[in-house]
Amino acid sequence: MALRKIREFGDEILNKPCKEVKEMNFKTKLLIEDMFDTMYEANGVGLAAPQVGMLKRIVVIDVTGEDPYVFINPRLVETSGEQTGQEGCLSLPGKSGQVTRPNYVKVVALDKNFKPFELEATELLARAICHELDHLEGHLYTEKVEGELQDVQDEDDED
Ligand code: NI
């Protein structure tokens, strides 16, 4: 298990667009493994490569803790509906804000074996996909927050 340092709000790498991944190789495989380790360790449900300092179009998401997804070069091909709810980001620890997102998305991407796949998602998974794909364009949820950012209680205080 290898953890990478999570870049935080203010780090300019978070505002840069990411590059297409051209091939799967050892370094990219390792990056994906490390992204999962880093996300789980931080109790997150999603992480994008720029958040660990890599300007590559790679996202990992697991909204249930047992349903890990890797999206390489992901692209939204369809969105519909609307959901409004609290959102957070591992690059802004301790903060959350209200964001409106599509309630349904269809995404096409490559998986960890570089095989194309298509996924339809709703609710939290759809929200996570939209949030993480924004990271690949250099955008943070703070640009979409309705009202003020809020402080969230740290549920790990007892640790
Ligand atoms: Ni984020």
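Heads up: the sequence shown begins at 123 in our numbering, then just goes up one per residue.
We put the beta carbon where it would ideally sit given N, CA and C, even for glycine.
- The beta-carbon distance between ALA248 and VAL227, rounded to whole angstroms, is 5 Å. This is short enough to meet the 8 Å contact definition.
- Of the residues assessed, ASN165 falls on the exposed side of the cut-off, its CB having fewer than 16 other CB atoms within 10 angstroms.
- Checking the 7 Å criterion, the Cβ of HIS261 is out of range of every heavy atom belonging to ligand 1.
- LEU212 has its CB nearer than 7 Å to a heavy atom of ligand 1.
- Under the three-state reduction of DSSP output, LEU241 falls in the strand class.
- Apart from sequence neighbours up to five positions away, the residues of its chain that approach ARG197 with a beta-carbon distance below 6 Å are VAL230, ordered along the chain.
- Our two residues, ASN195 and LEU232, have alpha carbons roughly 6 Å apart in a direct line.
- Approximately 16 Å separates the beta-carbon atoms of CYS211 and TYR162; this is outside 8 Å, ruling out the contact.
- For VAL182, the closest C-alpha among the options SER218, MET157 and GLU200 is that of MET157.
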